[in-house]
Amino acid sequence: MLKNYLKIAQRNLLRHKGFSFINIFGLTVGLTCCFLIMVFVRHELSYDTFHKKYDRIYRLNYMPKFAGYSAYIGLTPAVASPLLPDYFSEIEKTARVYRSNATIEVKSAQNARPMKFDEDHFFFADSSLINIFTFNFVEGDPRTALKQAYSLIVTEEVARKYFGNAKALGKTVTYEGKHPLTITGVVKSFPDNSHIRIDLLSDYQTMFAIESELVRTNLPQNWVITHSATYVLLRPGKTAGAVNARLPKFLATHADPQIAKDIEYRLQPLDDIHLNSEVEGNPEPTGSITYVYVFLGIGIMTLLIACINFINLSTARSLQRAREVGIRKTLGSEKGQIVVQFMGESLLLSGVALVFAVILITLLFPVLNALTNKNLTWEYLLAHPGLLAVFVAVAVVAGLISGSYPAFFVSRFQPIATLKGSFISGKAKGGAVRQVLLGFQFIASIMLIIGAMVAFRQLRYLMDQPMGFNKDYIVTADIRNEKITNVFATRNDSAYLRLKTFREALMHYPGVEDVTFATQRMGTGAVRRNVVPEGKTPDANLFIGTIGIDFNFTETYGLKLAAGRDLSERYSTDKSAGFLINETGVKMLGWKSNQDALNKTINLEGKHGRIVGVLKDFHGQSLQNPIEGMVFHIEQPLFTQVSVKLFPAGMDKTLAFIGREWDKYFPEKGFDYQFLDQSIADAYAGEQRLSKLITYFAGLAVLISCLGLYGLVSIVTQQRTKEIGIRKVLGASVRSIVQLLSRDFVVLVGISLAIASPLAWYAMDKWLENFAFKTSIAWWIFGLAGVMTIAVTLLTVSFQSIKAALTNPVKSLKTD
1 MLKNYLKIAQ
11 RNLLRHKGFS
21 FINIFGLTVG
31 LTCCFLIMVF
41 VRHELSYDTF
51 HKKYDRIYRL
61 NYMPKFAGYS
71 AYIGLTPAVA
81 SPLLPDYFSE
91 IEKTARVYRS
101 NATIEVKSAQ
111 NARPMKFDED
121 HFFFADSSLI
131 NIFTFNFVEG
141 DPRTALKQAY
151 SLIVTEEVAR
161 KYFGNAKALG
171 KTVTYEGKHP
181 LTITGVVKSF
191 PDNSHIRIDL
201 LSDYQTMFAI
211 ESELVRTNLP
221 QNWVITHSAT
231 YVLLRPGKTA
241 GAVNARLPKF
251 LATHADPQIA
261 KDIEYRLQPL
271 DDIHLNSEVE
281 GNPEPTGSIT
291 YVYVFLGIGI
301 MTLLIACINF
311 INLSTARSLQ
321 RAREVGIRKT
331 LGSEKGQIVV
341 QFMGESLLLS
351 GVALVFAVIL
361 ITLLFPVLNA
371 LTNKNLTWEY
381 LLAHPGLLAV
391 FVAVAVVAGL
401 ISGSYPAFFV
411 SRFQPIATLK
421 GSFISGKAKG
431 GAVRQVLLGF
441 QFIASIMLII
451 GAMVAFRQLR
461 YLMDQPMGFN
471 KDYIVTADIR
481 NEKITNVFAT
491 RNDSAYLRLK
501 TFREALMHYP
511 GVEDVTFATQ
521 RMGTGAVRRN
531 VVPEGKTPDA
541 NLFIGTIGID
551 FNFTETYGLK
561 LAAGRDLSER
571 YSTDKSAGFL
581 INETGVKMLG
591 WKSNQDALNK
601 TINLEGKHGR
611 IVGVLKDFHG
621 QSLQNPIEGM
631 VFHIEQPLFT
641 QVSVKLFPAG
651 MDKTLAFIGR
661 EWDKYFPEKG
671 FDYQFLDQSI
681 ADAYAGEQRL
691 SKLITYFAGL
701 AVLISCLGLY
711 GLVSIVTQQR
721 TKEIGIRKVL
731 GASVRSIVQL
741 LSRDFVVLVG
751 ISLAIASPLA
761 WYAMDKWLEN
771 FAFKTSIAWW
781 IFGLAGVMTI
791 AVTLLTVSFQ
801 SIKAALTNPV
811 KSLKTD
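Note that the sequence shown covers residues 1 to 816 in UniProt numbering.
What follows is the structure, given as structure tokens:
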């Protein structure tokens with residue numbers, strides 16, 4: 001019996017090639033899209049779960065309850081970690097982890113000069129981290145790898161980069177040109193679904209050993225400086241809630257009472273870090289649970305559109321198979337056997353689509369990786385067989401869903417009516433259900449089109465909105481290095497003299513317009529520090545963004561004055577006691593106007609001075625965030641960023657010149673530069689990916705819907721062949737017949753637009769709430785989406801309608 005069903009199913013697939021192609025193509029695309037998104041979603045939701053104890057690991061987050069702060073920070077003062085296990089019986093271990101951009105020197109047998117590597121993922125950590133995180137050691141003993149000072153653990157990739165195929169264990173490298181570190185362990189890299197990437201790991205005490213006496217004595221008892229990430233391992237069976245409830249008492253016990261009342265700690269589950277982007281200070285870019293849900297919804301929607309195609313075409317075509325069903329019932333076939341036969345055909349189609357989907361997935365992995373900034377391959381899938389099982393299950397369920405309604409629909413046919421031919425009429429049965437399902441397709445397609453247009457419009461708004469400063473033709477580079485500055489960026493004036501000489505050398509080159517220095521790269525926000533304005537007391541706890549700048553900073557970046565004057569070397573007090581503030585900062589500190597702020601005194605954590613000028617507001621970070629209050633002051637010994645403004649002509653030659661000069665003045669560190677406009681654009685990478693994804697899926701949804709509509713119109717015109725022939729004999733024109741066949745679809749698009757518009761508006765309005773600065777959802781977007789859908793629908797329907805209208809009516813009236 002089963003063999004007979006398979007033969008019949010195969011025969012029907014080959015007999016109706018157009019119908020089979022549309023269904024297989026739609027299901028293939030739907031399954032491919034759905035599964036690629038499932039892989040992405042699974043990867044996003046699995047962050048940090050590779051750690052064996054991940055369900056007991058938490059990060060201690062910190063929030064100062066001062067003016068200007070509204071979010072937790074993923075960093076805490078270093079003093080807290082050692083005290084936690086003694087105070088909380090629920091805590092088994094803690095570990096501090098501090099990130100340091102480092103230059104590593106490796107001696108080479110081939111070269112007299114050591115090789116230099118700039119490492120962005122160098123960390124110092126307490127040795128207890130080995131027992132909290134899961135490190136897979138290839139060389140070395142995990143029990144002793146971080147027990148001694150000046151020890152170093154590296155990944156396999158780093159070991160190969162430094163030493164080739166030779167064993168790395170026991171070898172020595174140099175940190176920042178002066179501190180030898182001995183490699184005591186080689187580990188496998190964390191997988192890319194980790195919120196933190198650790199390439200090199202040294203012990204925390206080494207960091208103190210290479211620092212100044214001031215740092216060694218003050219950092220371990222400072223409750224304000226957010227220095228390290230603190231990871232906590234709870235004992236089995238203990239909950240974070242019990243610890244969170246007693247953290248205020250812990251602070252009151254150990255910290256200064258004045259400080260304790262204004263700070264808050266909270267444990268965050270390790271596997272929650274990546275998708276909780278509201279926490280600041282994460283070591284790597286985070287994801288968004290909202291985007292995960294959006295991607296998942298789009299994938300399911302695309303698959304549903306393909307399934308609806310199948311259902312609509314199958315129910316419409318089943319009317320053509322009514323006589324076949326009537327004969328089978330007359331010969332004794334039961335209703336269940338008819339259902340099994342049609343369900344079998346559906347599953348066979350789904351199986352064929354599954355095979356093609358596997359091929360398509362392989363080809364599209366690079367596209368997915370480009371869209372999501374991941375590195376997903378079949379290796380990842382084979383390592384998670386459960387995901388493959390889900391994929392097969394989705395294909396089977398899609399086949400069952402697609403085939404269930406048509407199967408039960410045809411099984412209800414009465415054999416006598418079907419054999420007489422009286423069952424089929426001009427308005428075929430099942431039409432109401434098909435209209436509803438087709439309407440869902442239109443609604444989904446229109447929502448995706450509207451979403452794509454709003455996302456693109458918001459992205460263009462973000463990219464085109466003036467930042468309030470010049471960001472074009474400016475390259476920035478990080479000058480942090482232990483020989484220039486130590487881990488905590490404390491430095492003497494001799495380092496600034498080197499920077500000043502470097503600037504003078506660059507300014508002699510015709511391709512360089514200006515050079516300036518700062519403690520922070522523009523467009524990335526500012527370090528918030530406590531400020532006490534005139535008339536306030538220190539317990540006001542006002543925290544404001546601060547950037548240390550050089551005298552020509554505002555000129556280089558084209559910042560505009562709203563009141564007062566710029567900082568200048570002509571005024572001897574500006575270096576030690578001059579401040580600039582922006583307009584938002586004026587309001588934040590409680591002054592009535594920009595003019596009112598001039599000559600007001602402020603105390604910036606011990607640096608006393610006066611406001612000499614008010615800058616017009618500008619966007620100090622991406623437009624996802626509101627403009628923050630900012631203070632600027634001369635801080636020459638602490639510069640960490642160099643900005644070079646270029647003339648547009650001959651930039652390649654200019655950059656090559658800068659690189660040569662850089663090597664002369666900063667041989668300790670490579671010239672790793674970024675164009676400022678590109679680094680600002682990179683802040684919107686998530687929005688760019690979302691816009692592209694919605695656009696691609698909107699196009700796929702429209703394509704699948706059009707193919708289904710094309711097939712459906714083909715079947716409907718076949719069913720109405722006699723009606724069309726009679727109308728032509730009675731004088732109907734081609735235009736009137738096309739209007740007749742198109743009218744219902746156009747009306748359905750109009751109804752779908754009316755339903756889709758408020759749904760799309762609500763969804764996109766919610767998405768836009770994530771931005772402090774956003775575009776409006778213009779009315780014409782909905783009109784354009786409707787016009788586009790109607791145009792595509794008419795093109796699809798008209799092709800078959802015109803073909804039917806041009807058919808010789810004599811042939812039409814001869815059909816049975």
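Heads up, the beta-carbon is just placed ideally off N, CA and C, and yes, glycines get one too.
**Request:** Please report how far the alpha carbon of Asn603 lies from the alpha carbon of Lys575, in whole angstroms.
**Result:** Looking up residue 603 in the sequence shown gives position 603. Looking up residue 575 in the sequence shown gives position 575. One C-alpha to the other measures close to 15 Å.
**Asked** Distance, Cα to Cα, Ile153 vs Ala145?
**Response** To locate residue 153, count along the sequence shown from 1; it is residue 153. To locate residue 145, count along the sequence shown from 1; it is residue 145. Cα to Cα, Ile153 sits roughly 7 Å from Ala145.
**Message:** So within the region 446-482, which uninterrupted beta strand (DSSP E) runs reach at least 3 residues, ignoring any that extend past its ends?
**Reply:** 474-478
**Message:** Using the three-state DSSP reduction, which class does Thr372 fall into: helix, strand or coil?
**Reply:** The residue you call residue 372 lines up with position 372 of the sequence shown. Helix.
**C-alpha distance - Val292 paired with Asn276, whole-angstrom precision** = Locating residue 292 in the sequence shown gives position 292, where the first residue counts as 1. Locating residue 276 in the sequence shown gives position 276, where the first residue counts as 1. In a straight line, the C-alpha of Val292 is about 12 Å away from that of Asn276.
**Prompt:** Under the rule that 16 or more other beta-carbon atoms within 10 Å means buried, what is Arg743, buried or exposed?
**Reply:** Here residue 743 refers to the residue found at position 743 of the sequence shown. It counts as exposed.
**Asked** Which residues does DSSP pair with Ser151 in a beta bridge?
**Response** In the sequence shown, residue 151 corresponds to position 151, counting from 1. Its beta-bridge partners are Thr182.
**Prompt:** How would you label Ala395, buried or exposed, when you count the other beta carbons within 10 angstroms and need 16 or more for buried?
**Reply:** Within the sequence shown, numbered from 1, the residue matching residue 395 stands at position 395. It is buried - the Cβ of Ala395 has at least 16 other Cβ atoms within 10 Å.
**Item:** Sequence-distant residues of the same chain with beta carbon closer than 7 Å to Asn312, five excluded per side
**Value:** For the purposes of this step, residue 312 is taken as the residue at position 312 of the sequence shown. Only Arg434, Leu437, Leu438, Gly708 and Leu712 meet the Cβ criterion.
**Request:** Tell me, please, which residues DSSP counts as bridged to Ser691.
**Result:** Here residue 691 refers to the residue found at position 691 of the sequence shown. DSSP lists no partner for Ser691.
**Message:** Per the DSSP calculation, Ser228 is bridged to which residue(s)?
**Reply:** The residue you call residue 228 lines up with position 228 of the sequence shown. Paired residue(s): Thr76.
**Asked** Ala597: buried (16+ other C-beta within 10 angstroms of its C-beta) or exposed?
**Response** Here the question's residue 597 lines up with position 597 in the sequence shown. Classification of Ala597: buried, given that the 10 Å Cβ count is 16 or more.
**Request:** Name the one or two DSSP bridge partners that Met115 has.
**Result:** Here the question's residue 115 lines up with position 115 in the sequence shown. According to DSSP, which records beta bridges pairwise, Met115 is partnered with Val106.
**Request:** Put Val631 into one of helix, strand or coil per three-state DSSP.
**Result:** The residue labelled residue 631 in the question sits at position 631 within the sequence shown. Three-state DSSP puts Val631 in a strand.
**Prompt:** For the candidate residues Ala149, Gly558, Val39 and Arg565, whose alpha-carbon lies nearest to that of Met467?
**Reply:** The count along the sequence shown starts at 1 and reaches residue 467 at position 467. The residue with the shortest Cα to Cα distance from Met467 is Gly558.
**Prompt:** So, Ala398 versus Leu31, is the Cβ gap smaller than 8 Å?
**Reply:** Taking the sequence shown and counting its residues from 1, one reaches residue 398 at position 398. Taking the sequence shown and counting its residues from 1, one reaches residue 31 at position 31. It is a contact, given that the beta carbons lie within the stated cut-off.
**Asked** Below 8 Å, can you find three or more Cβ-Cβ pairs linking the region 298-305 to the region 259-272?
**Response** no
**Request:** Could you tell me if His508 is buried or exposed, where buried requires 16 or more neighbouring beta carbons within 10 angstroms of its beta carbon?
**Result:** Counted from its first residue, the sequence shown places residue 508 at position 508. Exposed is the call here.
**Prompt:** Beta carbon of Ala306, beta carbon of Leu27: below 8 Å?
**Reply:** Reading the sequence shown from its first residue, position 306 is the one you call residue 306. Reading the sequence shown from its first residue, position 27 is the one you call residue 27. Yes; because the gap between Cβ atoms is below 8 Å, this pair is in contact.
**Request:** Taking 8 Å as the cut-off, decide whether the C-beta atoms of Gly511 and Lys653 are in contact.
**Result:** As a position in the sequence shown, residue 511 is number 511, starting the count at 1. As a position in the sequence shown, residue 653 is number 653, starting the count at 1. Cβ distance < 8 Å, so Gly511 and Lys653 count as in contact.
**Prompt:** Can the beta-carbon of Ala229 be found less than 8 Å from the beta-carbon of Arg59?
**Reply:** Position 229 of the sequence shown, counted from the start, is the residue given in the question as residue 229. Position 59 of the sequence shown, counted from the start, is the residue given in the question as residue 59. Cβ distance < 8 Å, so Ala229 and Arg59 count as in contact.
**Request:** Indicate the three-state DSSP secondary structure (helix, strand or coil) for Thr172 in the structure shown.
**Result:** As a first step, residue 172 is located in the sequence shown; it is residue number 172 there, counting from the start. Here Thr172 sits in strand by DSSP.
**Prompt:** How is the beta strand (DSSP E) around Phe675 delimited, first residue to last?
**Reply:** Position 675 of the sequence shown holds residue 675. Tyr673 to Phe675 is the span of the beta strand (DSSP E), which, as asked, contains Phe675.
**Request:** Please classify Gln520: does DSSP put it in a helix, a strand, or coil?
**Result:** To locate residue 520, count along the sequence shown from 1; it is residue 520. Coil.
**Item:** Ile446 versus Thr537, Ala760, Asn131 and Asp118, residue with shortest Cα-Cα distance
**Value:** Position 446 of the sequence shown, counting from 1, holds the residue named residue 446. Considering only alpha carbons, the answer is Ala760.
**Supposed contact pair Met630 and residue 826 - C-beta distance, whole angstroms, cut 8 Å** = This structure cannot settle anything about residue 826, because the visible part of the chain is limited to 1 through 816.
**Request:** Could you check the C-alpha separation between Phe124 and Phe135 for me, to the nearest Å?
**Result:** By 1-based counting over the sequence shown, the position of residue 124 is 124. By 1-based counting over the sequence shown, the position of residue 135 is 135. Roughly 15 Å between the two C-alpha positions.
**Request:** Within the same chain, show all residues whose beta-carbon is closer than 6 Å to that of Thr490, passing over the 5 residues directly before and after it, in chain order.
**Result:** Taking the sequence shown and counting its residues from 1, the one referred to as residue 490 is at position 490. Low local confidence applies: a pLDDT of 48 at Thr490 is under 50, so the model's placement there is unreliable, with the coordinate-based value given in what follows. For Thr490, where only same-chain residues beyond five positions count, there are no Cβ hits under 6 Å.
**Message:** So, with DSSP's three-state summary, where would you put Val746?
**Reply:** Residue mapping note: residue 746 aligns to position 746 of the sequence shown, counting from 1. Three-state DSSP puts Val746 in a helix.
**Prompt:** What first and last residue would you give for the alpha helix (DSSP H) that runs through Phe551?
**Reply:** Residue mapping note: residue 551 aligns to position 551 of the sequence shown, counting from 1. First-last for Phe551: undefined, no H or E at that position.
**Distance CB(Gly620)-CB(Gly545) smaller than 8 Å** = Looking up residue 620 in the sequence shown gives position 620. Looking up residue 545 in the sequence shown gives position 545. For Gly620 and Gly545, yes; Cβs fall inside 8 Å.
**Message:** Going by DSSP in three states, Thr94 sits in which element: helix, strand or coil?
**Reply:** Your numbering for residue 94 matches position 94 in the sequence shown. It is a strand residue.
**Item:** Cβ pair count under 8 Å reaching 3, the region 564-575 against the region 524-536
**Value:** no
**Item:** Proximal residues to His227 (C-beta, below 7 Å), its chain only, five neighbours per side dropped
**Value:** Counting from one through the sequence shown, the residue named residue 227 turns up at place 227. Result list for His227: Leu75, Pro77, Ala78, Tyr98 and Leu219, in chain order.
**Message:** What would DSSP say about Glu769, mapped onto helix, strand or coil?
**Reply:** As a working mapping, residue 769 is identified with position 769 in the sequence shown. In this structure, Glu769 counts as coil in the three-state DSSP scheme.
**Request:** Would you mind stating whether Leu748 and Gly786 have Cβ atoms separated by less than 8 Å?
**Result:** Residue mapping note: residue 748 aligns to position 748 of the sequence shown, counting from 1. Residue mapping note: residue 786 aligns to position 786 of the sequence shown, counting from 1. Not in contact: Leu748 and Gly786 (Cβ atoms no closer than 8 Å).
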